[in-house]
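Numbering (the working numbering), first residue to last: 54 to 595. Below is one structure, written out as structure tokens; the observations come after it.
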Amino acid sequence: MKYTEIPEDFKIEYQKKFIGRCNREINELAIADPTIFAYYFLDIKLRIHQAYALHKIITSKTKRIALCWARQLGKSIGLGVFLIWAVWFNKYPSTVANITTAYIISTNDEASVELLSKIRDIFYQADVHMGKVTAGTKAHTENYFDKHMKEPNNTHQITVDSGSFMKSVPPTNKVLGKSAAIMIIDEAANLDAEDPDKFFKKVVVPTTAETGGFIILSSTPEGVSGFFYDNFDPDDKFKEHEYERLWFSHDIYKDKTYQAHVRNEKHKAEREGKIKTWQQQYEAKFTVTEESFFDLKDIEEGVKDTPEYYEWNKTACAVGYDFGMKFSRTVITIRTMIGQEIIELFQYRSPPNFDINHLVNPEWEHSIQNLKNRYNLEEHGIIGDDCPQGDTTLRWMESHSGLPIRKFNFRSDQMSKVDGLNRNCVAYSYRARLKEGILKIPRWNERQQYEMKLVQEVSQKILITIKAPQGQLCDTIDSDMLASIPFLDMTKQGSFEFDFPDKTDTQHTSRYRTGREDNFKAPTEAEVIQMLKDGDLSGIQI
Numbered sequence: 054m055k056y057t058e059i060p061e062d063f064k065i066e067y068q069k070k071f072i073g074r075c076n077r078e079i080n081e082l083a084i085a086d087p088t089i090f091a092y093y094f095l096d097i098k099l100r101i102h103q104a105y106a107l108h109k110i111i112t113s114k115t116k117r118i119a120l121c122w123a124r125q126l127g128k129s130i131g132l133g134v135f136l137i138w139a140v141w142f143n144k145y146p147s148t149v150a151n152i153t154t155a156y157i158i159s160t161n162d163e164a165s166v167e168l169l170s171k172i173r174d175i176f177y178q179a180d181v182h183m184g185k186v187t188a189g190t191k192a193h194t195e196n197y198f199d200k201h202m203k204e205p206n207n208t209h210q211i212t213v214d215s216g217s218f219m220k221s222v223p224p225t226n227k228v229l230g231k232s233a234a235i236m237i238i239d240e241a242a243n244l245d246a247e248d249p250d251k252f253f254k255k256v257v258v259p260t261t262a263e264t265g266g267f268i269i270l271s272s273t274p275e276g277v278s279g280f281f282y283d284n285f286d287p288d289d290k291f292k293e294h295e296y297e298r299l300w301f302s303h304d305i306y307k308d309k310t311y312q313a314h315v316r317n318e319k320h321k322a323e324r325e326g327k328i329k330t331w332q333q334q335y336e337a338k339f340t341v342t343e344e345s346f347f348d349l350k351d352i353e354e355g356v357k358d359t360p361e362y363y364e365w366n367k368t369a370c371a372v373g374y375d376f377g378m379k380f381s382r383t384v385i386t387i388r389t390m391i392g393q394e395i396i397e398l399f400q401y402r403s404p405p406n407f408d409i410n411h412l413v414n415p416e417w418e419h420s421i422q423n424l425k426n427r428y429n430l431e432e433h434g435i436i437g438d439d440c441p442q443g444d445t446t447l448r449w450m451e452s453h454s455g456l457p458i459r460k461f462n463f464r465s466d467q468m469s470k471v472d473g474l475n476r477n478c479v480a481y482s483y484r485a486r487l488k489e490g491i492l493k494i495p496r497w498n499e500r501q502q503y504e505m506k507l508v509q510e511v512s513q514k515i516l517i518t519i520k521a522p523q524g525q526l527c528d529t530i531d532s533d534m535l536a537s538i539p540f541l542d543m544t545k546q547g548s549f550e551f552d553f554p555d556k557t558d559t560q561h562t563s564r565y566r567t568g569r570e571d572n573f574k575a576p577t578e579a580e581v582i583q584m585l586k587d588g589d590l591s592g593i594q595i
């Protein structure tokens, strides 16, 4: 697919929109054209690419639009104008109430509210503008729009006299059951949903089933996976497309100040070795960034059609626990070795704000008591993330589960000489086994595949951080790596290297501890190398 080009005839029509017209003509045209409405009523002159995007939306036969924008091209303003126009004039009445119902979903609830706040700012600006336009006339008003607002009118919803409204909603099941004339997913490639693909298919799509309404996906790219990538299909893998696609790089907007900013960002990216990140943000390219930890080909080739086993006793298993907090998830993973392959048997990913007391409550389905009965855990036992939120749970398991238990500080995601073996060490070995075709990812675990495609490796002066991008999670991977530890050959580290700090460098310590509370002595360089050769992780304290 090529970038969208704006037709010459539209460029001509665009310029005509701003030629002086009489009030009666303006009113009639504004009802039909959001660009004219924005110019004369909202005091906003949309850029030509914004105007073209709105033109494609309102003339769409399928009412399915996917907009891929470079950074800072004004997508929020463009979509905000469309929503104001549609709600103000009740352009797409539906439901029994015969009103236009518009919903906004963004990365998370906070981002959705922020977009609605920008729309409210447009209304405030418009009232000031209309006050100037009507000054000295009998129709003078300084609250042209505000006087037509009604309740509910708050941080999450704006409602006008007709009853039509626009409402921000989080990317959760709260959207279920709603009927939408317009459903906009802003930053669609970065939804902070438990399972973005499932959320889109099972929750978003049904909202327009009865109304025949719009679904508008708008985003800057983020990698080569997820429902936005699939529906936009930049590589034209599919012959037919449900969504009409518009693709704008930075080059669509010729403003000198903006282009100077883009050049500065490119120079900065080149200095930092992050040119692919720049391409993703300003050329709107769907790329695997240079920091991607897993090779996309390795992930795809590592996927195997293995079933999810609710119970398994044929081979020794290990259970890995990664403990979540307010937004991150608590994840339980079971791994085993079948033949020459490391197989994932089971994974549970909790909802946010999960009560981890369930993990030791025998009445809960996936408690350690029940997992012990379902899986052969006697040999490899429990491997947990040694973090504050999981400390009490791991201590209880250590005293009462009757299983061997090992703890690793997986929140200390950087590696230096003083750390011994930690998250990075396991991650490199995990990646090596995946590349060799030994470690398999089950096809049923789409969430883990999604997270693996996002994980980044960021090199610093003396440390390496392996993490999910900002706003994303990698809890399923952390849990799976923990469960895989007994089956990883730690003598084969692939591209793994130690970063030994100089004496002048600041020594790294865990973000949760100022010092050790026991008499453990950090291993020497020679001892660490011997540990890797022996492949023996037992007794290692992190």
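For each residue, glycine too, the CB sits at the ideal point set by N, CA and C.
Closest Cα partner of residue i within the set the options
i: F380; options: A188, P224, E361 and H102; result: P224
i: S113; options: D542, E295 and F407; result: E295
i: F90; options: T261, G131 and K109; result: G131
i: T148; options: P274, Q422 and F218; result: F218
i: Q160; options: E325, D248 and D542; result: In the sequence as displayed, the identity of residue 160 is Thr instead of Gln. For the residues E325, D248 and D542, the minimum Cα distance to T160 belongs to D248.
i: I395; options: A536, T264 and S452; result: A536
i: H182; options: E416, P495, Y93 and T208; result: Y93
i: Q125; options: N206, Q103 and L107; result: Q103
i: K128; options: L107, E78, R117 and F285; result: L107
i: T368; options: E167, H303, Q393 and N206; result: Q393
i: Q525; options: H411, V508, K319 and R486; result: V508
i: K98; options: F291, Q178 and D542; result: Q178
i: M47; options: A192, T190 and R173; result: Missing from the structure shown is residue 47; the chain here goes from 54 to 595 and no further.
i: M236; options: D542, A139 and P360; result: A139
Short Cβ contact (8 Å threshold) for residue i with residue j
i: V258; j: V228; result: no
i: A155; j: L169; result: no
i: E364; j: Y428; result: yes
i: L120; j: L398; result: no
i: I110; j: I59; result: no
i: A371; j: I458; result: no
i: A233; j: G276; result: no
i: S272; j: F280; result: no
i: N475; j: N462; result: yes
i: S221; j: I152; result: no
i: E510; j: F346; result: yes
i: V45; j: Y335; result: Residue numbering for the chain in the displayed model covers 54 to 595; residue 45 lies beyond these limits and cannot be assessed.
i: V186; j: W141; result: no
i: L487; j: D351; result: yes
i: K70; j: T88; result: yes
i: A337; j: P274; result: yes
Contact test: residue i Cβ vs the ligand ZN heavy atom, cutoff 7 Å
i: Q68; result: Inclusion of the ligand ZN in the displayed structure is not the case, the ligand content being empty and no account of it being possible.
Residue i versus residue j: straight-line alpha-carbon distance, rounded
i: A164; j: R500; result: 22 Å
i: Y401; j: T529; result: 9 Å
i: G73; j: N80; result: 13 Å
i: L95; j: D180; result: 8 Å
i: T518; j: Y311; result: 32 Å
i: Q68; j: G326; result: 41 Å
i: K506; j: R382; result: 18 Å
i: T445; j: Q332; result: 45 Å
i: F376; j: P146; result: 46 Å
i: D286; j: K55; result: 11 Å
i: P405; j: I385; result: 14 Å
i: N226; j: F407; result: 16 Å
i: N423; j: F540; result: 23 Å
i: N414; j: K231; result: 36 Å
Residue environment, residue i, which counts as buried when at least 16 other CB atoms sit within 10 Å
i: Q467; result: Residue confidence for Q467 is low, a pLDDT of 47 falling below 50, so the modelled location carries little weight; the figure read from the coordinates is stated next. Q467 comes out buried.
i: R388; result: buried
i: K598; result: This structure gives no information on residue 598, because the portion of the chain shown stretches from 54 to 595.
i: A188; result: exposed
i: P495; result: buried
i: N76; result: exposed
i: T208; result: exposed
i: S452; result: exposed
i: G373; result: buried
i: F291; result: exposed
i: T264; result: buried
Extent of the continuous alpha helix (DSSP H) run through residue i
i: W122; result: Where W122 is concerned, there is no enclosing alpha helix (DSSP H), although the beta strand (DSSP E) it sits in stretches over R117 to W122.
i: R500; result: E499 to L507
i: F135; result: K128 to W141
i: L535; result: D528 to S537
Extent of the continuous beta strand (DSSP E) to which residue i belongs
i: A150; result: A150 -> no beta strand (DSSP E), and no H or E assigned at all.
i: V479; result: First-last for V479: R476 to E489, but that is the alpha helix (DSSP H), not the beta strand (DSSP E).
i: D239; result: I235 to D239
i: T389; result: V384 to I391
i: Q400; result: E394 to R402
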